[in-house]
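Going by the working numbering, the sequence shown runs without a break in its numbering and finishes at 228.
From the three backbone atoms N, C-alpha and C, an ideal C-beta is built for every residue, glycine too.
To keep things clear, I will list the structure first and then write my remarks on it.
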Amino acid sequence: MHLALFDLDDTLLDGDCSALWNGWMVERGWVDAPGEFLAHAQAMDAAYHTGRLRLEKYLSLTLAPLAGRPVNEVDAEVADFVAARILPRLFAQGRARIAEHCARGETPMIISASSRHLVAPIAAELGIEAVIAVEPALESGYFTGGTTGILSYRDGKIARLEQWLAEKGAVSHLTFYSDSQNDLPLLGRVDRPVAVNPDAVLAEVARVEGWERLDWRPCAALVG
5 MHLALFDLDD TLLDGDCSAL WNGWMVERGW VDAPGEFLAH AQAMDAAYHT GRLRLEKYLS
65 LTLAPLAGRP VNEVDAEVAD FVAARILPRL FAQGRARIAE HCARGETPMI ISASSRHLVA
125 PIAAELGIEA VIAVEPALES GYFTGGTTGI LSYRDGKIAR LEQWLAEKGA VSHLTFYSDS
185 QNDLPLLGRV DRPVAVNPDA VLAEVARVEG WERLDWRPCA ALVG
């Protein structure tokens with residue numbers, strides 16, 4: 005099996021699905037003290053882009069509005085959100101690259117540090133069944149506001165991928181597409197690392213290591 009791994013946010017998607025969802029929840033009135041909520045979320049997002057985010061704190065903040073909500077209610081809201089805010093922001097080049105892997109009989113997977121309730125519906129729109137994402141905790145069909153299992157973030161992506169492979173079988177080749185320095189642990193473990201719309205740290209590592217680089221935003225190569 006040849007596995008083609010794709011990060012989601014800023015790789016296949018022009019933006020961050022969690023940040024966009026935060027704004028959507030505020031618009032829907034799901035968030036108490038929305039100004040404070042968004043300020044904290046944006047500060048943590050900035051920390052993510054410098055490699056300093058404690059994902060547990062971010063998830064505690066951003067999953068709290070789901071606590072006590074039934075899964076079917078959240079799923080219906082996410083479907084509207086994906087149609088309105090996500091589909092127009094998916095890179096055409098990403099869709100094409102997924103199609104190329106599928107045409108060669110290779111298996112595409114999204115491996116993301118965002119929550120499954122967002123990632124899985126987006127993956128479905130891209131025709132991808134295999135998903136590794138943060139697992140929100142559920143109890144009797146309701147969100148608890150917590151998470152379960154290993155967080156698919158930094159080294160956690162490696163651990164989660166190893167769990168998946170233990171269940172599905174060995175692979176002969178791994179490709180991984182990502183934009184972020186936070187994914188350097190996994191990028192350093194695969195057969196073919198690809199930097200997509202890379203941040204400054206990843207761009208420099210890719211240059212030094214001779215990794216393939218793709219820029220799917222207009223003029224990105226000029227500013228990267």
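Check	Outcome
Ser64 (DSSP reduced to helix, strand or coil)	helix
Separation of Ala37 from Thr111, as counted between CA atoms	43 Å
Asp11 vs Ile115 beta-carbon contact at 9 Å	yes
Within 9 Å, strictly: CB atoms of Leu155 and Leu63	yes
Delimiting residues of the alpha helix (DSSP H) encompassing Ser22	Cys21 to Glu31
Bounding residues of the beta strand (DSSP E) (the contiguous stretch that carries Ala141)	Ala134 to Glu143
Pairwise C-alpha distance: Ile136 and Leu165	7 Å
Cβ pair count under 8 Å reaching 3, the stretch 207-223 against the stretch 44-51	no
Cβ-based neighbour list, Ala224, same chain, cut-off 8 Å, excluding 5 preceding and 5 following	The pLDDT assigned to Ala224 is 49, lower than 50, so where the model puts this residue is not dependable; a value taken from the coordinates is nonetheless given after this. Closer than 8 Å at Cβ, skipping near neighbours: Asn201.
Sequence-distant residues of the same chain with beta carbon closer than 7 Å to Thr66, five excluded per side	Ser22, Asn26 and Ala45
Contact test: Pro69 Cβ vs the ligand ZN heavy atom, cutoff 8 Å	This structure lacks the ligand ZN, and indeed carries no ligand of any kind.
Per DSSP, cross-strand counterpart(s) of Pro74	Tyr146
Run of the beta strand (DSSP E) containing Val200, from where it starts to where it stops	Arg196 to Val200
Cβ distance (whole Å) where Ile126 is taken to contact Val78 below 8 Å	Not quite, the Cβ-Cβ distance comes to about 14 Å (not below 8 Å), so this is no contact.
Pro38 in three-state terms, based on DSSP	helix
For Ile115, the three-state DSSP class (helix, strand or coil)	strand
Presumed contact (8 Å Cβ cut-off) between Arg73 and Tyr146, rounded CB distance	7 Å
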